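Only one structure is covered here, and it is reproduced in the block below.
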Amino acid sequence: MNFLKSKTQKRIKDYISIPITLGSSISPSQYDEEGDYYYISMATVKKYYFDKNDANKVSNEYASKNMNKAVQKNDIIMTRSGMAIGKFALINKNLKGIFADFTMRIRLENYNYQFAYYYFRSFFFQQLITTHKKGLQNHNIFPSMIQEFPIPDWSIEKQNKICDKIKSQIDEQKEMDNLIEEKQLEISSLIENSIKE
Numbered sequence: 617m618n619f620l621k622s623k624t625q626k627r628i629k630d631y632i633s634i635p636i637t638l639g640s641s642i643s644p645s646q647y648d649e650e651g652d653y654y655y656i657s658m659a660t661v662k663k664y665y666f667d668k669n670d671a672n673k674v675s676n677e678y679a680s681k682n683m684n685k686a687v688q689k690n691d692i693i694m695t696r697s698g699m700a701i702g703k704f705a706l707i708n709k710n711l712k713g714i715f716a717d718f719t720m721r722i723r724l725e726n727y728n729y730q731f732a733y734y735y736f737r738s739f740f741f742q743q744l745i746t747t748h749k750k751g752l753q754n755h756n757i758f759p760s761m762i763q764e765f766p767i768p769d770w771s772i773e774k775q776n777k778i779c780d781k782i783k784s785q786i787d788e789q790k791e792m793d794n795l796i797e798e799k800q801l802e803i804s805s806l807i808e809n810s811i812k813e
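Numbers given in the working numbering equal positions in the sequence shown, counted from 1, plus 616.
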């Protein structure tokens, strides 16, 4: 924390457009696969993006009563409890969703959402969560704590450049993964053909 504080005077609260808030709780009877809204739980963001295949839908009545817990494009959802504490998902498209009580929503302004998402997943930020989480058995962290964490005070241009570099590296990694998969198929085929001989 001291290292990051020496690098920036800005806190997350300096860039939020609305207060960071916890999500909404739900009971089993409020799920409804005919509903229009997804329930964004910790399980749905465990892969660092929203996975609708792991999500239940909620009744339209439940959604209408919890619109203050709805997400919009570029919101960042953070898991805030238990073993999965400190995972982040960027809502990068328009989505009808209500976020769960064991998550929190971070909505930024005048900041690159994608850069913030990468920063929140960085070693530095994860260490902040580790050192500030509360509870012996079930760890928790709260919006009042998160909003006080330091965040780089960089221009949008610099944030954009860093995001471009990260995207380039991710694209390279995907290309390498595809090549590895092709090689694995070739090796598997070679072994199978050798056995058949």
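Glycine included, C-beta positions come from ideal geometry on N, C-alpha and C.
Note that the structure is a prediction, hence the values are computed from the model and not measured.
> For the candidate residues E649, F739 and M694, whose alpha-carbon lies nearest to that of Y665?
Replying inline: For the purposes of this step, residue 665 is taken as residue 49 along the sequence shown, with counting starting at 1. Comparing Cα positions, the closest option is M694.
> Whose C-beta lies closer than 6 Å to the C-beta of S760 among residues of the same chain, with five residues either side of it excluded?
Replying inline: Walking along the sequence shown from the start, residue 760 turns up at place 144. In its own chain, leaving out the 5 sequence neighbours on each side, no residue places its CB closer than 6 Å to the CB of S760.
> Is the beta carbon of I707 less than 9 Å from the beta carbon of D691?
Replying inline: Within the sequence shown, residue 707 is the residue found at index 91, counting from 1. Within the sequence shown, residue 691 is the residue found at index 75, counting from 1. Using a Cβ distance threshold of 9 Å, I707 and D691 count as a contacting pair.
> Hey, quick one: how far does the beta strand (DSSP E) through I692 stretch, first residue to last?
Replying inline: What you label residue 692 is simply residue 76 of the sequence shown in a count that begins at 1. Here the beta strand (DSSP E) through I692 covers I692 to T695.
>> Measuring straight from C-alpha to C-alpha, what distance separates S680 and K781?
In response: Start at 1 with the first residue of the sequence shown, and residue 680 comes out as number 64. Start at 1 with the first residue of the sequence shown, and residue 781 comes out as number 165. Their backbone Cα atoms lie some 41 Å apart in a straight line.
>> Using CA atoms only, rank isn't needed, just tell me which of K663, N684, M658 and M683 is closest to N672.
In response: If you number the sequence shown from 1, residue 672 lands on position 56. If we check each option's Cα against that of N672, M658 comes out closest.
> Taking Cβ positions, are A700 and K668 nearer each other than 9 Å?
Replying inline: For the purposes of this step, residue 700 is taken as the residue at position 84 of the sequence shown. For the purposes of this step, residue 668 is taken as the residue at position 52 of the sequence shown. The Cβ atoms of A700 and K668 lie no closer than 9 Å to each other.
> Do Q775 and N728 come within 9 Å of each other at the CB atom, strictly closer than that value?
Replying inline: As a first step, residue 728 must be located in the sequence shown, where it is residue number 112. As a first step, residue 775 must be located in the sequence shown, where it is residue number 159. Yes.
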